[in-house]
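Worksheet for the structure shown next.
Numbering (my numbering), first residue to last: 11 to 376.
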């Protein structure tokens, strides 16, 4: 089987943009998460005979799909989320692109989707960023968010993997996932719903995981919280992750704790980055199962002093309150604690190319 038939790109650029440069610059520095998309997109196709082929960069436009498409009916859809930042020199650099490609490959494998090759993945990002470079935000903390997606496109309702696939890549400018309204967030720990069970799809970044979280997210909002905090599906007591992001907390001794990767937790690229940065700062990091009841008791007793959410979309966002049916607790008075602030500053400096100790995590694109 041919995995990748070649990289002869077809480039079709928009003759005229729907927005002026002034309008684009304003949106790049103000638009919320997923609200305003750039001018172009990237597509590619897969078949057993040709592998991944026909890569194109073209004006973003609606797609025509058959109503019997496999991905539409059976959810054979996985995706990634990554960010590209403006550099001090005015160029562009992507954060840990190879790690995002590998995670996309793991998600694809779980859904019987052919692996998308890393060289074509990087080429597609470069092509789109170059086509839409004017959309790169200029403000620190903002970035161009890219959404690579793989989906089964065969026209059949037979209950089996698709025989054809498409790759899509979209981009939009954004700041934090939570926007300017939330310097810190409150979370609702639900006992009613669960995100993933052992042996399921919890470690994959798939469309169904997010759709299945909407009702629990609605429950959280009804209780005045920004996000849901998931517990394990078996005992409904162990803290696992938040809706679309991982979670850390800081103990009174300055050490950092995060739930372990048990197959039901998404292996976050930002999660891994935080662990590396913390250890280089001399901060102890433990992956440990902690029950919600113990967490609430430890916060009340002062044994836990900070908590934060982290992810590509959320970056590092302090958690100010954890609420649940068995109790609630407040942390940090709504502000980032010293460890949270330190790690956020370290990560932001790497993102924007101002770190005195640059990591090999940034890929120059422009």
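We put the beta carbon where it would ideally sit given N, CA and C, even for glycine. Just so it is clear, the structure is predicted and the values come from calculations on it, not from any experiment.
DSSP places residue 218 in the uninterrupted alpha helix (DSSP H) bounded by 217-221.
Two segments are said to touch when three or more pairs of C-beta atoms, one from each, lie closer than 8 Å; by this definition the region 179-197 touches the region 137-145. Taking residue 240 as the centre and dropping the five residues before and after it, the same chain places the C-beta of 205, 250, 251 closer than 6 Å to its C-beta, in chain order. Looking at 26, 187, 219, the one whose alpha-carbon comes closest to that of residue 84 is 219. Approximately 7 Å separates the beta-carbon atoms of residue 87 and residue 216; this is inside 8 Å, confirming the contact. Less than 9 Å separates the beta-carbon of residue 76 from that of residue 165. Beta-carbon to beta-carbon, residue 328 and residue 298 are separated by about 20 Å, too far to satisfy the 8 Å threshold. Here the alpha carbon of residue 56 sits roughly 48 Å from the alpha carbon of residue 348. Pairwise C-beta distances place the region 351-360 in contact with the region 274-293, as three or more of them are shorter than 8 Å.
Remark: C-beta atoms of residue 212 and residue 278 do not approach each other more closely than 9 Å.
Between residue 358 and residue 325, the CB-CB gap stays under 9 Å.
DSSP places residue 376 outside both helix and strand once states are collapsed to three, so it counts as coil.
Contact annotation: residue 48 and residue 178 have beta-carbon atoms that are not nearer than 9 Å.
Per DSSP, residue 137 lies in no beta strand (DSSP E); the unbroken alpha helix (DSSP H) holding it starts and ends at 128-141.
In the three-state scheme derived from DSSP, where H, G and I count as helix and E and B as strand, residue 110 is classed as helix. Here residue 149 has 39 as same chain residues with Cβ atoms under 7 Å from its own Cβ, once five neighbours each way along the sequence are excluded. Counting only residues of its own chain and dropping the five nearest sequence neighbours on each side, residue 366 has a CB closer than 8 Å to the CB of 359.
Residue 375 is a Cβ neighbour of residue 102, given a cutoff of 9 Å.
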